[in-house]
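Each residue of the sequence shown is one higher than the one before, starting from 7 at the first, in the numbering used here.
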Amino acid sequence: MSKLPYKRLSGFYFFYFSLLGAMMPYWSLYLKQLNFDAKAIGFLMATLYCSRIFAPSLWGWLADKTGKRMSIIRWGAAATWLLFLGIFWQESAWSIGLIMLAYSFFWNAVLPQFEVVTLNHLGDKRERYSQIRVWGSIGFTLTVVALGYIFDFISVSWLPVIMLLLMIMIWLNACLVPAGDTSTVLESTEHSKGGMFLSTLCRPAVIAFFAATFLVQLSHGPYYTFFSVMLEDQGFNRSEIGYMWSLGVVAEVVAFIFMHRMIGRFGVRGVMLFSLLMAVVRWAVIALYPTNIVLLLMSQLLHAFTFGALHSTGVALVHNFFDANTQGRGQALFSSVGFGLGGTLGAVLSGMFWQSHGSMVSFLMASIICAVALILTYTWVYPIDKAGAKN
């Protein structure tokens, strides 16, 4: 770890997920303050995920083709805050949605490529990925807690200003990260035609993995979109909402710290299956006991598995499935299918279900969806060795 640009790599994750910590718990409250109903909030939150369906794959293909991965990250980070400036002059749902779609087209494309940069810097020590990624969780936690306290004293209408400052910090940090070996274009006729990438995608384990990834993020729709709204409706103040979110991310931090040991002992598949089971339990608990503070706190601790462990095992499996020439496209597809398509539909459907059926039905549906992902993973998802056999 001493030879790595550890502080600069960690700093990027810190500011990137600090922005997410400002956005996920409080953006829906900001939209609610603008008097949008649940369906409108669901559609607007969906725009944050919508560009992940296609943007990461586009930028991943470009990064793999040119090898200028860090340049793409820097330009994407700059375009994010420049386009977000337009939010300060918008009031209607349509205009806010267009600004969100525009800046997220670049913001959502940055992280998958930075994952490749980090893994390339780690070299043969990729099990240490979680020790760098954990700083993203720390940034998220600090931001959620701090803003929860701040918004008890000032209006949540200040949120766009805070988000803009964090976007600028992401860009500045990206300018300091060395490109490493990612500046070299990897030559291969078969890879340049996309043959190896497509043949990898056709493997049953890979198809099932991306299907499960989609379902997991689909299930997170009610949580990411309306958990803060649900807590506020139950009488929680902003600082208490921040503490509730931060508890989940503290659990996630612990998971990242010990993830390399967990994977070493139980394997990627074992950790992934247990985490999916915990996701089934978590959404069911929130659905059935939304006013039980003890069970809500316990459900937040399960974020260690439903995000921390599932994200780490997902990144590890993508790295296992795809080779060096297709890593950018692989990580981009992981983001596109999960956070993009799954996140978009999750936000839209949760808005519809929330308005027509309420929180219990929304979270019960999320639990059932994760149960399907668990069965799918248990049946088909295995790491693949160099010869294409299951591990």
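The C-beta atom is built at its ideal place from N, Cα and C for all residues, glycine as well.
These numbers were taken from a predicted model, which means no experiment stands behind them.
Tell me which residues share the same chain as residue i and place their Cβ nearer than 7 Å to its Cβ, disregarding the 5 neighbours each side in the sequence.
{"i": "Trp-386", "result": "Pro-210, Ala-211, Ala-214"}
{"i": "Met-173", "result": "Leu-25, Thr-86, Trp-87, Phe-90"}
{"i": "Ser-16", "result": "Ile-138, Trp-141"}
{"i": "Leu-347", "result": "Ile-59, Phe-220"}
{"i": "Lys-38", "result": "Ile-47, Val-235"}
{"i": "Ala-52", "result": "Thr-350, Ala-353, Val-354"}
{"i": "Ala-310", "result": "Ala-257, Glu-258, Val-260, Ala-261"}
{"i": "Ile-247", "result": "Pro-31, Gly-154, Ser-234, Leu-237, Glu-238"}
Determine the closest residue to residue i out of the options, with distance taken between C-alpha atoms.
{"i": "Leu-380", "options": "Phe-220, Phe-159, Asn-114, Trp-251", "result": "Phe-220"}
{"i": "Ala-1", "options": "Thr-312, Phe-359, Gly-336", "result": "The question about residue 1 has no answer, for the chain in this structure spans 7 to 397."}
{"i": "Val-378", "options": "Met-366, Thr-350, Ala-218", "result": "Ala-218"}
{"i": "Arg-75", "options": "Val-183, Gly-344, Phe-340", "result": "Val-183"}
{"i": "Tyr-249", "options": "Met-236, Ala-353, Ala-152, Pro-118", "result": "Ala-152"}
{"i": "Met-30", "options": "Leu-54, His-266, Ser-373", "result": "Leu-54"}
{"i": "Tyr-32", "options": "Met-169, Gln-361, Met-371", "result": "Met-169"}
{"i": "Thr-147", "options": "Val-324, Ser-234, Glu-258", "result": "Glu-258"}
{"i": "Leu-40", "options": "Phe-20, Phe-23, Ser-98", "result": "Ser-98"}
{"i": "Phe-112", "options": "Val-286, Trp-65, Gly-92, Val-343", "result": "Trp-65"}
{"i": "Val-123", "options": "Ser-110, Ile-105, Ala-84, Ala-69", "result": "Ala-69"}
{"i": "Phe-120", "options": "Ser-57, Ser-77, Val-150, Gly-320", "result": "Ser-77"}
{"i": "Phe-369", "options": "Leu-207, Met-265, Gly-27, Gly-227", "result": "Gly-227"}
{"i": "Leu-303", "options": "Val-343, Arg-271, Leu-253, Phe-345", "result": "Leu-253"}
{"i": "Ser-57", "options": "Tyr-295, Ala-108, Gly-314", "result": "Ala-108"}
Exposed or buried, residue i, counting other C-beta atoms within 10 Å across all chains shown (16 or more means buried)?
{"i": "His-363", "result": "exposed"}
{"i": "Gly-82", "result": "buried"}
{"i": "Trp-410", "result": "Within the shown structure, residues of the chain are numbered from 7 to 397, placing residue 410 beyond reach of any answer."}
{"i": "Val-167", "result": "exposed"}
{"i": "Leu-355", "result": "buried"}
{"i": "Ile-299", "result": "exposed"}
{"i": "Thr-455", "result": "Limits of the chain in this structure are 7 at one end and 397 at the other, which puts residue 455 out of reach."}
{"i": "Phe-94", "result": "exposed"}
{"i": "Gly-276", "result": "exposed"}
{"i": "Phe-18", "result": "buried"}
{"i": "Val-47", "result": "Strictly speaking, residue 47 in this sequence is Ile, with Val absent from that position. The residue in question, Ile-47, is buried, as its Cβ has 16 or more Cβ neighbours within 10 Å."}
{"i": "Asp-158", "result": "exposed"}
{"i": "Arg-288", "result": "buried"}
{"i": "Phe-340", "result": "buried"}
{"i": "Ile-79", "result": "buried"}
{"i": "Trp-360", "result": "buried"}
{"i": "Gly-103", "result": "buried"}
{"i": "Gly-129", "result": "exposed"}
{"i": "Cys-208", "result": "exposed"}
{"i": "Thr-190", "result": "In this prediction, Thr-190 has a pLDDT of 42, which is less than 50 and means its spatial position is unreliable; nothing more can be read from the coordinates."}
{"i": "Ile-105", "result": "buried"}
Hey, could you find the ends of the alpha helix (DSSP H) residue i is sitting in?
{"i": "Arg-267", "result": "244-294"}
{"i": "Arg-139", "result": "135-156"}
{"i": "Phe-42", "result": "It is not in any alpha helix (DSSP H) - Phe-42 carries neither H nor E in the DSSP assignment."}
{"i": "Phe-112", "result": "99-128"}
{"i": "Ala-214", "result": "210-225"}
{"i": "Val-167", "result": "165-180"}
{"i": "Gly-82", "result": "75-90"}
{"i": "Ala-61", "result": "61-72"}
{"i": "Ser-305", "result": "299-307"}
{"i": "Val-324", "result": "316-327"}
Leaving out the 5 sequence neighbours to the left and right, which residues in its chain are closer than 6 Å to residue i when beta-carbon positions are compared?
{"i": "Val-291", "result": "Leu-301, Ser-305"}
{"i": "Tyr-36", "result": "Val-162, Leu-165"}
{"i": "Pro-11", "result": "Pro-184"}
{"i": "Ser-245", "result": "Gly-154, Tyr-155, Asp-158"}
{"i": "Leu-308", "result": "Met-284, Arg-288"}
{"i": "Val-255", "result": "Ser-143, Phe-146, Thr-147"}
Using C-beta distances below 8 Å, list every residue in its chain close to residue i, excluding the 5 sequence neighbours before and after it, in chain order.
{"i": "Thr-297", "result": "Gln-240"}
{"i": "Arg-14", "result": "Asn-179, Leu-182, Val-183, Pro-184"}
{"i": "Leu-316", "result": "Val-222, Met-278, Ser-281, Leu-282, Ala-285"}
{"i": "Ile-269", "result": "Glu-133, Val-277, Ser-318, Thr-319, Ala-322"}
{"i": "Phe-21", "result": "Gly-145, Leu-172, Met-175, Ile-176, Asn-179"}
{"i": "Val-367", "result": "Ala-293, Phe-359"}
Of all Cβ atoms in chain B, is any one closer than 8 Å to the Cβ of residue i?
{"i": "Phe-111", "result": "Although the question refers to chain B, the structure presented lacks it and comprises just one protein chain."}
Note to self: Extract the residue ranges of the alpha helix (DSSP H) inside the segment 338-370, only unbroken runs of 4 or more that lie entirely within it.
What the structure shows: 349-363
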